Amino acid sequence: DAGVIQSPRHEVTEMGQEVTLRCKPISGHDYLFWYRQTMMRGLELLIYFNNNVPIDDSGMPEDRFSAKMPNASFSTLKIQPSEPRDSAVYFCASSPYTGLSEKLFFGSGTQLSVL
Amino acid sequence: DAKTTQPPSMDCAEGRAANLPCNHSTISGNEYVYWYRQIHSQGPQYIIHGLKNNETNEMASLIITEDRKSSTLILPHATLRDTAVYYCIVSAEDAGNMLTFGGGTRLMVKP
Chain A
414 DAGVIQSPRH EVTEMGQEVT LRCKPISGHD YLFWYRQTMM RGLELLIYFN
464 NNVPIDDSGM PEDRFSAKMP NASFSTLKIQ PSEPRDSAVY FCASSPYTGL
514 SEKLFFGSGT QLSVL
Chain B
2 DAKTTQPPSM DCAEGRAANL PCNHSTISGN EYVYWYRQIH SQGPQYIIHG
52 LKNNETNEMA SLIITEDRKS STLILPHATL RDTAVYYCIV SAEDAGNMLT
102 FGGGTRLMVK P
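Respectively, the protein sequence lines represent chains A and B.
Once you know that position 93 of the first sequence is 506 in the working numbering, the rest is easy, because the numbers rise by one and skip nothing.
Once you know that position 3 of the second sequence is 4 in the working numbering, the rest is easy, because the numbers rise by one and skip nothing.
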């Protein structure tokens, strides 16, 4: 299995632009997570899905952030409009378990820089 | 509230055992102890988890004290590639797979 695949690997954009991050989870995994990592705040859970349905989005910082999972093999995290403080590494992770054993498989992340 | 406490950094000599401590004095009966690590520029990687018994797999061993208030992750023969940030996390089985990462321990394996 190729693991969790994220794209792009790096994204540089200007303030005010729309940014879309993409994730393909491991086939057969029921859960999908979006995390954000910064030096100041560490790894933060933004939102997670179970069987394509958003379960908890309390970590999404503002209405500028939105996430979708149109099918079991694809998810997007969109920031519109982007701001410099959104600069971070965004990780997607998936999990095959339904509660017991939080064994998450992480992608390589998207390094986002908003100028 | 931080559920776990870990030293911010540790050094270990290559080939020696690395013992990474974690304090989780407020752990509940239904909470598991998980360990992940993050090598520079990569996503976190699952290492091991346990409830109350000691656990061992191909990567590491997990020793949980009898009162479950602390645990130790053991890398038996550390290599340079084990240099990473190690995260100790407690999570209930009904937490919906929501893992909260703290600051972790930055382990530096030196030749």
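Backbone N, C-alpha and C fix where the C-beta goes; we use that ideal spot for every residue, glycine too.
Note that the coordinates shown come from a computational prediction; the quantities given were computed from them, not determined experimentally.
Any beta carbon from chain B within less than 7 Å of Gly522 (chain A)'s own beta carbon?
It does: the Cβ of Gly522 (chain A) has a partner Cβ on chain B nearer than 7 Å.
If you follow the beta strand (DSSP E) that Arg449 (chain A) is in, where does it begin and where does it stop?
Run containing Arg449 (chain A): Tyr444 to Thr451, per the beta strand (DSSP E) assignment.
Tell me, which residues are paired with Glu56 (chain B) by DSSP?
According to DSSP, which records beta bridges pairwise, Glu56 (chain B) is partnered with B:Leu63.
Hey, Ala19 (chain B) and Leu76 (chain B) are a contact pair by Cβ (cut 8 Å); roughly how many whole angstroms apart?
About 4 Å; that satisfies the 8 Å criterion.
Have a look at Gln493 (chain A) and Ser72 (chain B) and give me their C-alpha separation to the nearest angstrom.
Roughly 43 Å between the two C-alpha positions.
Can you look up Pro497 (chain A) in the DSSP assignment and give me helix, strand or coil?
Pro497 (chain A): helix per DSSP, three-state reduction.
Which of the three DSSP states, helix, strand or coil, is assigned to Asp470 (chain A)?
Here Asp470 (chain A) sits in coil by DSSP.
What are the uninterrupted segments assigned as alpha helix (DSSP H) that are 4 or more residues long and contained completely in the region 5 to 56 of chain B, given in chain order?
DSSP runs (the alpha helix (DSSP H)) wholly in the region 5 to 56 of chain B: none.
Whole angstroms is fine: what's the gap from Ser29 (chain B)'s alpha carbon to Ser92 (chain B)'s?
If I take the Cα positions, the gap works out to 9 Å.
Would you mind telling me which residues of chain A sit closer than 8 Å to Gly104 (chain B), beta carbon to beta carbon, in chain order?
Within chain A, the residues near Gly104 (chain B) are Gly455.
Answer yes or no: does any C-beta atom of chain A fall closer than 7 Å to that of Pro8 (chain B)?
Cβ-Cβ to chain A under 7 Å: no for Pro8 (chain B).
Buried or exposed: Val425 (chain A), going by 16 or more other Cβ atoms within 10 Å of its Cβ?
Its Cβ having fewer than 16 others within 10 Å, Val425 (chain A) is exposed.
Taking Gly44 (chain B) as the query, report the chain A residues whose CB atoms sit under 8 Å from its CB, ordered along the chain.
Residues of chain A passing the Cβ test: Val417, Phe504, Ala506, Phe519, Gly520, Ser521 and Gly522.
Straight-line CA distance for Pro483 (chain A) to Asn465 (chain A)?
Cα to Cα, the separation comes out at about 7 Å.
Considering only C-alpha positions, which residue in the set A:Phe487, A:Ile439, A:Ile418 and A:Ser479 is nearest to Ser495 (chain A)?
The shortest Cα separation from Ser495 (chain A) among A:Phe487, A:Ile439, A:Ile418 and A:Ser479 belongs to A:Ser479.
Is Lys437 (chain A) close to chain B, meaning its C-beta is less than 7 Å from at least one C-beta of that chain?
So, not an interface residue.
Can you give the Cα-Cα distance for Met428 (chain A) and Ser500 (chain A), rounded to whole angstroms?
Using only the alpha carbons, I get a separation of about 10 Å.
At a Cβ cut of 9 Å, what residues of the region 37 to 65 of chain B count as close to chain A, listed as they run along the chain?
Here the close residues are Tyr37, Gln39, Ser42, Gln43, Gly44, Pro45, Gln46, Tyr47 and His50.
Note down, in chain order, every chain B residue with its Cβ under 8 Å from the Cβ of Leu525 (chain A).
Those within 8 Å of Leu525 (chain A) in chain B number zero; the least Cβ separation is about 14 Å.
Does the Cβ of Gly520 (chain A) have 16 or more other Cβ atoms within 10 Å, making it buried, or fewer, making it exposed?
Result: buried.
Note down the Cα distance separating Tyr87 (chain B) from Gln419 (chain A), rounded to an integer number of angstroms.
Cα to Cα, Tyr87 (chain B) sits roughly 23 Å from Gln419 (chain A).
Per the DSSP calculation, Arg107 (chain B) is bridged to which residue(s)?
Answer is B:Ser10 and B:Val86, bridged to Arg107 (chain B).
DSSP on Leu456 (chain A), reduced to helix/strand/coil?
Three-state DSSP puts Leu456 (chain A) in a strand.
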